[in-house]
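Working notes, beginning with the structure itself.
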Amino acid sequence: MDRLEFLKRLGVLTVGASLMGSGVSAMAAEAEEIPEIAADKKIKTKMPEMDAGLAKPVTVMIIGAGGRGLTYSRYAEKFPQSMKVVGVADLNPYRRNRMAKKHNIPAENQFGHFNEALSKAKLADAVVIATPDNLHYEPCMKALELGYDVLLEKPVAPTEKECRAILKQAHKYNRIVAVCHVLRYAPYYVALKQVLDSGAIGELVSIQHFEPVRYYHFAHSYVRGNWPNSKTTTPVILAKSCHDLDILRWLIDKPCESIAAEGSLYLFRKDKMPKGATERCIDNIGGGDCPHEKECPYSAKHIYMEKKAFLGPFDLPRKDPVLIREKLKTLNYGRCVYRCDNDQCDHYVAIMKFKDDVTASFSMDAFTPYGGRRTRIMGTKGFIEGDMTTFTFYDFRTGHKSVWDQKVSEIEEYKGSGHGGGDHLLVRDFLRAVSAHDEKLLSSTIDVSIESHVMGFMAEKSRKSNKKIKI
Ligand SMILES: NC(=O)c1ccc[n+]([C@@H]2O[C@H](COP(=O)([O-])OP(=O)(O)OC[C@H]3O[C@@H](n4cnc5c(N)ncnc54)[C@H](O)[C@@H]3O)[C@@H](O)[C@H]2O)c1
């Protein structure tokens, strides 16, 4: 649709309803909806329903019942008519039992290692693979061979070779693999995409995209926690930012042709350690608390006992300070951030050229007080600026501005779904796709996800070789 036609439609309702009636998939209809952009008013988009609305529940086995496995399983608690958890595999007995109890999983469908679960005959329609990054490839290949459809956590796998092998396997067995690029499903990004596709900003020329990680989130995940080491997990550009590369590729809707990256570990290194810092922030054996505990922003006491942030991996029955303190004596989360076995870049920048001379810059930074994403989109006739909760569209010719700020977190159905509603909307679409045997109901199929992963691998190649890489 050209701009004139788009402007003519200002103030009219979306076309989604008529598309749905004509048999076009719900996902496709949502993507093609025309948002209502009234001058100097709110941008209105239709909020997707969270319920997959299936006649018969899709049965699912959760492989990896940690943070992400738990998040996806909660969909079944909310919408039991659409999803049923019938199996679980996790090495950690606390997490395995928690899942088994919640979903009444029979003993014969409770497993430790994923190999045990996947050596049995197929016991569900689909599996959720939410094991650590370096343990996606093996269970995914096996699950596809057994005939499961797969909801696969990102990053797909730590190497390009393994990513491509999974793609091939999915085609070979004709199975659905949905990659958990959850941002694509968040109403904020869906609305942003609709505005871009409407032609309101003219031609898209460039994007500035910023991923502020937040200082204590970075310390938790990429210094002390699950992804401190780029070699044993994946480099941070994939572990954290494959979402962002995917969103850039999706919004721009053109292939990326080249990428150049810079980045390093600036702070969390032994040579930056304040003098006299101790092994742990508090309760050192024979040594009490670290002398810097009271002023260090990365203090474990500050993050876990005072802020009570990121306590999921502690496996606690309740957020009790006594229990948290006890865990900090042994878990990595109690260690000094200058003494961990980490190498992930704490600041990372990349510049990209896409087809037709469209450019994008990306920046990931640990040193921010807030998380989320900040994006500026420059078009030939307009501009968009957003912060993952609201975005503003500016029209150059009229000088009008319009705002999208639907309060996603206040919608009852959306509660408990992270990433601005994206976590559970992804599950909704995955269940619909499995139920209808139609991967077109998904936005993040394995085919499109591999492309943005390759951008990440090439960014690392560029950063390490000091060269711009052609893709
Ligand atoms: N889509 C997103 O936004 C998002 C966000 C965070 C994490 N992730 C990804 O999700 C995956 C899981 O992350 P998480 O935060 O849930 O981690 P987690 O550590 O909380 O959960 C992983 C679980 O896998 C289990 N496990 C490990 N080895 C196993 C094996 N051999 N067999 C069975 N279970 C095994 C662990 O015991 C653990 O409970 C990672 O790949 C991560 O990068 C994605």
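Numbering (the numbering used here), first residue to last: 31 to 501.
All C-beta atoms, glycine included, are put in the ideal place defined by N, C-alpha and C.
message: What does the Cβ neighbour count give for His454, buried or exposed, with the cut at 16 atoms within 10 Å?
response: buried
Cβ-based neighbour list, Arg205, same chain, cut-off 6 Å, excluding 5 preceding and 5 following: Leu174 and Asp179
message: Does the stretch 458 to 472 come into contact with the stretch 69 to 84, if we say contact requires no fewer than three beta-carbon pairs (one atom in each stretch) closer than 8 Å?
response: yes
message: Quick check: the Cα distance between Gly53 and Lys76, rounded to an integer number of angstroms?
response: Per-residue confidence for Gly53 stands at a pLDDT of 31, beneath the threshold of 50, marking its modelled position as unreliable; the derived number appears in the next sentence. One C-alpha to the other measures close to 18 Å.
- prompt: Can Cys375 be considered in contact with ligand 1, in the sense that its beta carbon sits closer than 6 Å to one or more heavy atoms?
  reply: no
query: Per DSSP, Thr89 forms a beta bridge with which residues?
result: Lys114
task: With DSSP as the reference, label Ala307 as helix, strand or coil.
output: coil
message: Can you give me the C-alpha to C-alpha distance between Cys170 and Pro110, rounded to a whole angstrom?
response: 25 Å
message: What does the Cβ neighbour count give for Lys184, buried or exposed, with the cut at 16 atoms within 10 Å?
response: buried
- prompt: Mind checking Glu241: buried by the 16 CB within 10 Å criterion, or exposed?
  reply: buried
message: With a threshold of 8 Å, are at least 3 pairs of Cβ atoms found where one atom belongs to the stretch 398 to 415 and the other to the stretch 249 to 268?
response: no
message: When you compare the CB of Ile381 with every CB in chain D, is at least one pair closer than 7 Å?
response: Among the protein chains of the structure shown there is no chain D, as only one such chain exists.
query: In three-state DSSP terms, what is Glu66?
result: strand
field: Distance, Lys191 Cα to Ile545 Cα
entry: Lying before the first or after the last residue shown, residue 545 is absent from the chain, which here runs from 31 to 501.
query: Hey, would you say the C-beta of Phe144 is under 6 Å away from at least one heavy atom of ligand 1?
result: yes
- prompt: Near Cys375, which residues of its chain fall below 7 Å by C-beta distance, leaving aside the five closest residues on each side in sequence?
  reply: Val266, Gly293, Ser294 and Leu295
Per-residue burial, Ala85 [other beta carbons within 10 Å of its own, 16 or more giving buried]: exposed
- request: Mind listing, in chain order, the continuous beta strand (DSSP E) runs of no fewer than 3 residues lying wholly within the stretch 265 to 334?
  value: 286 to 294
query: Just checking my contact of Leu165 with Ala208 at CB under 8 Å: how many whole Å lie between their CB atoms?
result: Rounded, the Cβ-Cβ distance is 18 Å, inconsistent with contact.
task: Starting from Ser495, trace the alpha helix (DSSP H) both ways and give me its first and last residue.
output: Ile476 to Ser495
- request: Take the Cβ of Leu427 as the centre, count every other Cβ of all protein chains shown within 10 Å, and call the residue buried at 16 or more, exposed below.
  value: For the sequence presented, residue 427 should be read as Arg rather than Leu. Exposed.
Inter-residue CB distance, Ala291 and Arg493 (contact presumed, cutoff 8 Å): 4 Å
- prompt: Exposed or buried, what is Ser474 when buried is set at 16 or more other beta-carbons lying within 10 Å of its beta-carbon?
  reply: buried
message: Is any non-hydrogen atom of ligand 1 found closer than 6 Å to the C-beta of Leu234, if you look at the structure I gave you?
response: no
- request: Report the rounded CA-to-CA distance for Ile354 versus Thr101, giving the unit in angstroms.
  value: 22 Å
query: Taking all protein chains shown into account, do 16 or more other C-beta atoms lie within 10 angstroms of the C-beta of Lys223, making it buried, or fewer, making it exposed?
result: buried
query: Can you list, in chain order, the residues of its chain whose CB lies under 8 Å from that of Lys72, leaving out five sequence neighbours each side?
result: Ser432, Val433, Trp434 and Asp435
query: Does the beta carbon of Asn259 fall short of 6 Å from some heavy atom of ligand 1?
result: no
Run of the alpha helix (DSSP H) containing Met129, from where it starts to where it stops: Pro123 to His133
message: Three Cβ pairs or more, each shorter than 8 Å: is that satisfied between the stretch 228 to 241 and the stretch 338 to 358?
response: no
task: Compare the Cα-Cα distances from His430 to each of Leu275, Ile231, Asp386 and Cys326 and report the closest residue.
output: Ile231
query: Per the contact definition of three or more C-beta pairs closer than 8 Å, is the stretch 193 to 201 in contact with the stretch 129 to 137?
result: no
query: Roughly how many angstroms lie between the CA atoms of Pro65 and Asn496, to the nearest whole one?
result: 43 Å
- request: Can you tell me which of the three DSSP states Lys385 falls into?
  value: helix
- request: Report all residues from its chain with a CB closer than 6 Å to the CB of Ile407; omit the five preceding and five following residues, and keep chain order.
  value: Ile237 and Ile414
query: When the distance is taken between beta carbons, is Arg365 closer than 7 Å to Arg299?
result: no
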